[in-house]
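Here the structure comes first, spelled out in structure tokens, and everything after it is commentary.
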Amino acid sequence: MVTDPAETRAKRASFEITLLADVQPVPTTSEALPGMRPIELDGLTAEPRVAGQGEFKYQSYVFRATGFKQATSKASRSSGTSETAKAA
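Structural data, given as structure tokens:
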């Protein structure tokens, strides 16, 4: 689950990511909030879908990623030597 605490609209505040990997990757960063760790997603794709029922349909997305790595701070967005958790 990816969450943006600054987002005011509930439907946009968080979404799920499916990681396509042979084994479950585990982030090594410390928790920013209980149960939440900052990461950067690798190979992220977004597939549009129609969600809702009846006349109350809306556009949604399915998000998938091939892996993740430790998040870099906004001050130093360089290609660092952070390890990447990727599928083998």
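The numbering of the sequence shown is the numbering used here, which starts it at 8 and goes up by one.
C-beta atoms are modelled at their ideal positions from N, C-alpha and C, and glycine is treated no differently.
The alpha helix (DSSP H) spanning residue i covers which residue range?
i: residue 19; result: 17–20
In three-state terms, what does DSSP make of residue i?
i: residue 72; result: strand
i: residue 52; result: strand
i: residue 67; result: strand
i: residue 36; result: coil
i: residue 86; result: Caution applies to residue 86, whose pLDDT of 44 falls short of 50 and renders its modelled position unreliable; the value that the coordinates give is listed next. Here residue 86 sits in coil by DSSP.
i: residue 78; result: coil
i: residue 30; result: coil
i: residue 61; result: coil
i: residue 14; result: coil
For residue i, which residues from the same chain have a beta carbon less than 8 Å from its beta carbon, with the 5 sequence-adjacent residues on both sides left out?
i: residue 34; result: 44, 46, 75, 77, 92
i: residue 11; result: 19, 20, 21
i: residue 58; result: 64, 65, 66, 67
Among residues of its own chain, excluding the 5 on either side of residue i, which ones have a beta-carbon nearer than 7 Å to its beta-carbon?
i: residue 32; result: 26, 74, 75, 92
i: residue 68; result: 53, 54, 55, 56
i: residue 82; result: Confidence at residue 82 is low in this model, with a pLDDT of 42, below 50, so its placement is unreliable and the value that follows should be read with caution. Here the set comprises nothing.
i: residue 39; result: 45
Starting from residue i and walking both ways along the beta strand (DSSP E), at which residues does that stretch end?
i: residue 25; result: 24–26
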